[in-house]
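Okay, structure first, notes after.
Below, the structure written as structure tokens:
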């Protein structure tokens, strides 16, 4: 396609710029952020909102570190009140750009 060989030592960012291909990690983070905002703005109690806010069963758990839940990544980047921040579309869109560039948001 581009007739580039490994011996040319061209950076993948430059190749991605030429081909206009998106970074898979950035794309996945952007879609996750958009879906989280969509779920937070749902008005009715669908399964999607119930599962997002569910804390899990009480009692004994498996040995070792608990698995990282889907919501914990959002809490780490937007804070524990991400659900209420997402109600404001413009603020949520601003935070999306910061989240997808670094993976986590340093400061609000």
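In the numbering used here, the protein residues as written are 25 to 132. In this text, a Cβ means the ideal position worked out from N, Cα and C, and glycines have one as well.
Asked, Found
"Count the C-beta pairs between the region 36-49 and the region 87-99 that are closer than 8 angstroms, then say yes if the count reaches three, no if not.", "no"
"For residue 40, report the span of its alpha helix (DSSP H) as first-last.", "36-43"
"Assuming the contact rule is C-beta atoms closer than 8 angstroms, residue 61 and residue 110 should be a hit. Round their C-beta distance to whole Å, please.", "4 angstroms"
"Indicate the three-state DSSP secondary structure (helix, strand or coil) for residue 97 in the structure shown.", "helix"
"Assuming residue 72 and residue 63 make a contact with CB atoms under 8 angstroms, what is their CB distance in whole Å?", "5 angstroms"
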